[in-house]
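K.L.:
Protein sequence lines correspond, in order, to chains A and B. Those letters in the first sequence? Residues 1 to 326, by the numbering used here. Those letters in the second sequence? Residues 1001 to 1062, by the numbering used here. Quick one: the structure is below, and I'll ask about it shortly.
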Amino acid sequence: MHLPQERGPISRHVIQALTHEGDDSLSLALGPGDVTGDEDVQLALWMIYELHYRGFDGVPDDREWDLGLITLRRSIERRFEIELRNATRDRLVPVPDEGDIGRQLLDLVAADDGPALATFLHRRASREQVRDFLRERSVQQLKESDPQSFVLPRLDGAPKAALAELQYDEYGGGRPERLHATMYGDALEAAGLDRSYGAYIDEVSALSLACTNAMSMFGLNRRLRGAAMGHLAAFEASSSVPSRKIAGGIERVGLPAAVSAYFHEHVEADAVHEHVASTDICGALVAAEPSLRGDVLFGAAVSLHLEALSGAELLDRWTPGLEAAS
Amino acid sequence: MSGDVVVRQVPDGPLLVRGADTIQDENGEEHEVTRPVVAVCACGKSARKPWCDSTHKSIPDR
């Protein structure tokens, strides 16, 4: 993958650090604003995280552990996590701090009244808007399930077995062509888009980057393993019904069956995965490590929060002014 | 797959089935299991029977 285009001073600094040897003394102050919707900061964080996934053409692999970049990553993460904790606090107020965590996670998702992105895609979106949606989600879906794989060695016993079971299905159950990320690539290609990893990195929004970066932050920090699994549970539990609608929208605008196939797969897979993730993973994790309960719920709330922001952004892009009224 | 088949009823949800090779639908037709766990429709309203498609979430009786 090629390095992205810079979007401001922070991402420029990361690109320079990656293309010039020996810059391990990076100390760069972030601006005062929120980082969640800041495309420069989110792109910088995304690049630093990518060193742990696929890397970049021409960038030595050992920059993954460049001390300057790790320092910058930690300062961005600190801000990002605080913002996410503040933004999700109200959502979590009604949730009791004891009881069936699996049920609480599913109730949290059921109570979510986020923007009706899937309904819009189902009923009203144009073919170009559907393609825009596929592009925006590509940074996340082309490495689908990879952030959660970082959590496996940090768990043991029942939650580990359940996560491995879920990941095995996400990774195609032994059939490479059924790898969900590969199916997403097939969907992009069938929609006339570029399936290559990172192809749309210069076009996607700050919030699309924030959605995938939150997963990486949770997956790459052992401290946040509870949040990673709570995020997974909410993500899976808010996928089956929307995927059915999105598949219907894709068929309505006449895109090929390979495009909707990815979403049809998620109708069925995520009807299973929401229960595996909420009960078998998160329930067992909280039973084993009760101190993680708060972070499991936090991760779930982050998934709902960022999906809501991202959904509102896309609806506003497609139908300016309508979103607030609907 | 081999060994025991384990079935769990999810409250207000599908049956989670582990360890089965096939699921027979109401017409006697066999459906191959291709996942480590499958969710079998228990509300009767799925459009993808025998598999759950989460239609039960749209039925307001919880």
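Cβ coordinates follow ideal geometry from the N, Cα and C atoms, glycine included. None of the values given here were measured: they were computed from a predicted structure.
Using beta carbons (cut-off 8 angstroms, strictly below), is B:Lys1057 in contact with chain A?
P.N.:
yes
K.L.:
Should B:Arg1062 go down as buried or exposed, given a rule of 16 or more other Cβ atoms within 10 Å for buried?
P.N.:
Confidence at B:Arg1062 is low in this model, with a pLDDT of 47, below 50, so its placement is unreliable and the value that follows should be read with caution. It counts as exposed.
K.L.:
Quick check: the Cα distance between A:Glu98 and A:Glu203, rounded to an integer number of angstroms?
P.N.:
Taking the straight line joining both Cα atoms gives about 43 angstroms.
K.L.:
Quick check: what's the CA-CA separation for A:Leu108 versus A:Pro60?
P.N.:
43 angstroms
K.L.:
Could you check where the beta strand (DSSP E) with B:His1031 kicks off and where it finishes?
P.N.:
Glu1030 to Glu1032
K.L.:
Using a C-beta to C-beta distance shorter than 8 angstroms, which residues of chain B count as neighbours of A:Asp169?
P.N.:
Arg1035, Pro1036 and Val1037
K.L.:
Where do the ends of the beta strand (DSSP E) carrying A:Arg123 lie?
P.N.:
Counting along the chain, A:Arg123 falls outside any beta strand (DSSP E), though it belongs to the alpha helix (DSSP H) covering Leu117 to Arg123.
K.L.:
In angstroms with no decimal places, state the Cα-to-Cα distance between A:Leu285 and A:Val253.
P.N.:
CA-to-CA, the gap between A:Leu285 and A:Val253 works out to about 42 angstroms.
K.L.:
Is A:Glu323 helix, strand or coil when you go by DSSP?
P.N.:
Because the pLDDT at A:Glu323 is just 49, under 50, the model does not fix this residue reliably, and the value given afterwards should be weighed accordingly. Coil at A:Glu323, not helix or strand.
K.L.:
I'd like to know whether the C-beta of A:His275 is nearer than 8 angstroms to at least one C-beta of chain B.
P.N.:
So yes, A:His275 belongs to the interface.
K.L.:
Tell me where the beta strand (DSSP E) around B:Val1037 begins and ends.
P.N.:
Val1037 to Val1040
K.L.:
Closer than 8 angstroms is the cut-off here; do at least three beta carbon pairs connect the stretch 305–322 of chain A with the stretch 112–127 of chain A?
P.N.:
yes
K.L.:
Using only the alpha-carbon positions, how far apart do A:Asp132 and A:Pro176 sit?
P.N.:
26 angstroms
K.L.:
Under 8 angstroms, Cβ to Cβ, is there at least one residue of chain B near A:Glu323?
P.N.:
With a pLDDT of only 49 at A:Glu323, under the threshold of 50, the placement of this residue in the model should not be trusted; the figure read from the coordinates follows. Closer than 8 angstroms: no.
K.L.:
When the distance is taken between beta carbons, is A:Ile201 closer than 8 angstroms to A:Pro9?
P.N.:
no
K.L.:
DSSP three-state call for A:Val109: helix, strand or coil?
P.N.:
When DSSP states are grouped into helix, strand and coil, A:Val109 belongs to the helix group.
K.L.:
Using a cut-off of 7 angstroms between C-beta atoms, extract the partners of B:Leu952 located in chain A.
P.N.:
The first residue shown for chain B is 1001 and the last is 1062, placing residue 952 of chain B beyond what the model contains.
K.L.:
To which residues does DSSP link A:Arg195 through a beta bridge?
P.N.:
DSSP, once it has assigned bridges, lists no residue as partnering A:Arg195.
K.L.:
For A:Gly102, which residues of its own chain have a beta-carbon under 7 angstroms away from its beta-carbon, when the five flanking residues on both sides are left out?
P.N.:
Ser278, Thr279, Cys282 and Gly283
K.L.:
Answer with buried or exposed for A:Val14, where buried requires no fewer than 16 other C-beta atoms within 10 angstroms of its C-beta.
P.N.:
buried
K.L.:
What's the gap between the Cα of A:Ser239 and the Cα of A:Leu255?
P.N.:
21 angstroms
K.L.:
Please state whether DSSP places A:Arg127 in a helix, a strand or coil.
P.N.:
helix
K.L.:
What is the rounded straight-line gap between the Cα of A:Ser208 and the Cα of A:Gln42?
P.N.:
9 angstroms
K.L.:
Assuming the contact rule is C-beta atoms closer than 8 angstroms, A:His52 and A:Glu64 should be a hit. Round their C-beta distance to whole Å, please.
P.N.:
6 angstroms
K.L.:
Quick one: list the residues of chain A neighbouring B:Val1010, beta-carbon separation under 7 angstroms, in chain order.
P.N.:
His275
K.L.:
By DSSP, does B:Leu1016 sit in helix, in strand, or in coil?
P.N.:
strand
K.L.:
Where does A:Arg222 land, buried or exposed, given buried means 16+ other C-beta within 10 angstroms?
P.N.:
exposed
K.L.:
Can you list the residues of chain B that A:Glu307 reaches, using a CB-CB cut of under 8 angstroms?
P.N.:
What A:Glu307 touches in chain B: nothing, since even the nearest Cβ is about 17 angstroms away.
K.L.:
In chain order, what residues of the same chain have a beta carbon less than 6 angstroms from the beta carbon of A:Ala301, not counting five sequence neighbours either side?
P.N.:
Thr88, Arg91 and Leu92
K.L.:
Just to check my reading of the structure: A:Thr36 and A:Glu83 have Cβ atoms closer than 8 angstroms, yes? What is that Cβ distance to the nearest angstrom?
P.N.:
5 angstroms
K.L.:
Quick one: is A:Glu177 near chain B, going by C-beta distance under 8 angstroms?
P.N.:
no
K.L.:
Identify which residue in B:Ser1054, B:Glu1030 and B:Gly1003 has its Cα closest to the Cα of B:Cys1041.
P.N.:
B:Ser1054
K.L.:
Output yes or no for whether 8 angstroms exceeds the beta carbon distance between B:Pro1050 and B:Asp1012.
P.N.:
No, the pair does not count as a contact, with Cβ atoms beyond the cut-off.
K.L.:
I'd like to check one pair, A:Leu69 with A:Ala339: are the Cβ atoms closer than 8 angstroms?
P.N.:
With chain A represented from 1 up to 326, any question about residue 339 of chain A goes unanswered, as that position is not in the structure.
K.L.:
Is the beta carbon of B:Arg1008 closer than 8 angstroms to that of A:Gly173?
P.N.:
no
K.L.:
What residue from A:Arg137, A:Met217, A:Tyr197 and A:Leu163 has the CA that sits closest to A:Leu45's CA?
P.N.:
A:Met217
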